[in-house]
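Colleague: Read top to bottom, the protein sequences are chains S and H. At position 47 of the first sequence (counting the first as 1) the number is 47 in my numbering, and the numbers step up by one without a gap. At position 106 of the second sequence (counting the first as 1) the number is 219 in my numbering, and the numbers step up by one without a gap. Take a look at the following structure, please.
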Amino acid sequence: NAGVTQTPKFQVLKTGQSMTLQCAQDMNHEYMSWYRQDPGMGLRLIHYSVGAGITDQGEVPNGYNVSRSTTEDFPLRLLSAAPSQTSVYFCASSPDRAYGGYTFGSGTRLTVV
Amino acid sequence: GIQVEQSPPDLILQEGANSTLRCNFSDSVNNLQWFHQNPWGQLINLFYIPSGTKQNGRLSATTVATERYSLLYISSSQTTDSGVYFCAVSSNTGNQFYFGTGTSLTVIP
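Given below as structure tokens:
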């Protein structure tokens with residue numbers, strides 16, 4: 001089992017560019033989510049999905065889109081990158097929302113210049 | 114959303130010392146987890162503990178759901194315990210998971 005795989009690990013974007021952060025899990029987990037981590041602010045939920053075809057917004061969804069066409073994959077799209085989106089992004093999965101056993105990916109460090 | 118407060122924000126320990134980290138939350142929860150983020154940034158799930166007490170080696174956790182707090186105990190600390198410890202909760206009615214701002218622990222030899 002690879003667990004939760006995030007790519008890329010590092011990325012530098014220019015303001016206005018778009019990109020997709022990839023997240024894949026091989027544990028057949030229904031619940032997947034994206035967080036951003038900024039200094040002194042813990043982790044904040046961007047978007048989440050409770051199963052294939054179902055997504056919803058978290059605390060800080062503006063500027064990001066997601067889709068969940070398969071159980072395994074949950075990509076995060078930045079539509080038009082802004083310096084305020086400079087952060088470390090984590091993808092996580094669990095068997096379902098109410099169950100423990102959250103597994104995190106290793107993170108993507110994104111810098112927008 | 115649910116407010117999650119962790120204390121202390123920073124902690125420095127001598128190797129071998131014990132410590133208690135606290136997590137207070139503002140509403141009823143049905144899911145509470147503790148995580149450790151190591152100095153390389155990896156987040157590891159330590160405990161799923163919406164109520165009661167659990168132990169795993171030198172670590173244990175207790176959640177008193179009726180009083181809206183959880184405690185993480187680290188005994189005989191080691192330098193490998195260094196990092197940031199996060200508490201995260203979700204409510205009975207929501208799908209969102211809320212994190213505290215963490216306790217940064219440094220264990221010195």
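Ideal placement from N, C-alpha and C gives every residue a C-beta, glycine not left out.
Taking the beta strand (DSSP E) that N144 of chain H belongs to, which residues open and close that run?
Modeller: Unbroken beta strand (DSSP E) run through N144 of chain H: V142 to Q150.
Colleague: When you compare only the Cα positions, how much space is there between A174 of chain H and G129 of chain H?
Modeller: The straight-line gap from Cα to Cα measures roughly 19 Å.
Colleague: Between G165 of chain H and the ligand ADP, is there a pair consisting of the residue's CB and a ligand heavy atom that are separated by less than 7 Å?
Modeller: Ligands are entirely absent from the displayed structure, and the ligand ADP is therefore not among its contents.
Colleague: Give the interface partners of N137 of chain H over in chain S, defined as CB-CB distance under 7 Å, in chain order.
Modeller: Simply none; closest approach about 14 Å.
Colleague: Going by DSSP, which residues form a beta bridge with G51 of chain S?
Modeller: Looking at the DSSP assignment, G51 of chain S forms a beta bridge with S:I54.
Colleague: For the region 45-60 of chain S, which residues have a CB atom closer than 8 Å to at least one CB atom of chain H, in sequence order?
Modeller: The region 45-60 of chain S vs chain H, Cβ under 8 Å: L45, Y48, V50, D56, G58 and E59.
Colleague: Distance cutoff 8 Å, beta carbons only. Does G213 of chain H sit that close to anything in chain S?
Modeller: By this cut-off, G213 of chain H is an interface position.
Colleague: Nearest by alpha-carbon distance to M19 of chain S: which of S:G40, S:Y64 and S:F104 is it?
Modeller: Checking every option, the nearest Cα to that of M19 of chain S belongs to S:Y64.
Colleague: Interface residues of chain S around N208 of chain H at Cβ under 7 Å?
Modeller: Result: Y48, V50, D56 and R97.
Colleague: So with Cβ pairs under 8 Å, would you call F74 of chain S a contact of chain H?
Modeller: No, no contact with chain H.
Colleague: Sort S:F104, S:S87 and S:S67 by Cα distance to P95 of chain S and report the nearest one.
Modeller: Comparing Cα positions, the closest option is S:F104.
Colleague: Report yes or no: do the region 133-148 of chain H and the region 33-41 of chain S share at least 3 C-beta pairs separated by less than 8 Å?
Modeller: At 8 Å Cβ cutoff, the stretches do not touch.
Colleague: Quick one: using the 10 Å Cβ neighbour count with 16 as the cut-off for buried, is N144 of chain H buried or exposed?
Modeller: Flag for N144 of chain H reads buried.
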